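Residues 9 to 154 (the numbering used here) make up the sequence shown, in order. For glycine and all other residues, C-beta sits at the position ideal for the given N, C-alpha and C. Remember, it's a predicted structure, so these values are computed and weren't measured experimentally. These notes concern the structure reproduced below.
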Amino acid sequence: MYALDTNILVYAHNIKSPYHSSAKVFVEKVMNERNSGGQLSVCFPAQVLMEFLNVITWHRLEAPLPLPDAIQVVQDYLAEGVSILYPQHTQIDTLMDLLKSVTTRKKIFDVALVATLKDHGVPGLYTVNTKDFEEFTFLDTKNPLR
9 MYALDTNILV YAHNIKSPYH SSAKVFVEKV MNERNSGGQL SVCFPAQVLM
59 EFLNVITWHR LEAPLPLPDA IQVVQDYLAE GVSILYPQHT QIDTLMDLLK
109 SVTTRKKIFD VALVATLKDH GVPGLYTVNT KDFEEFTFLD TKNPLR
């Protein structure tokens, strides 16, 4: 199973992004791939959905969505039955352990995302920013837009 990172969702829903078409096709593809048990092959960390709402409605974006439209996008994903990964009670301990390999405060939210994935046993992340996660060798990161 792979989780989707915020940047993939933003590109898929930001019509002015140069990555819009490829991200939209990719998200539609993975949202239609189910295993033999009928489960989707991707999941969304709750943090990603919150970040998506924040970024896609940002006024500096070339084509921001109005907040009600962004909320509807998230509700549509939820209605599809996508698994949502919520922080576990172990997240702070996992986060503190993972932060030992980080040297800048700018990575705290990326590390929090990795902690959620690790606590849930999710081995992969689809992201455009694969370099941001290189030090986490247990996590398979793939840029699906290349």
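Using DSSP's beta-bridge definition, name the partner residues of Arg42.
Arg42 is bridged by DSSP to Leu48.
Would you report the Cα separation of His21 and Pro72, rounded to the nearest angstrom?
Distance between the alpha carbons of His21 and Pro72: 9 Å.
How far does the beta strand (DSSP E) with Ala11 in it extend, from its first residue to its last?
It spans 10-12 - the beta strand (DSSP E) in which Ala11 sits, taken as one unbroken run.
In the DSSP output, what is Thr102 paired with across the bridge?
In the DSSP output, where bridge partners are listed per residue, Thr102 has none listed.
For Pro95 and Thr135, I'd like the C-alpha separation in whole angstroms.
Pro95 and Thr135 have their C-alpha atoms roughly 20 Å apart.
Residue range of the alpha helix (DSSP H) that Thr124 falls in?
Counting along the chain, Thr124 sits inside the alpha helix (DSSP H) bounded by residues 116-128.
With DSSP collapsed to three states, give me the class of Lys150.
Residue state, collapsed to three classes: strand.
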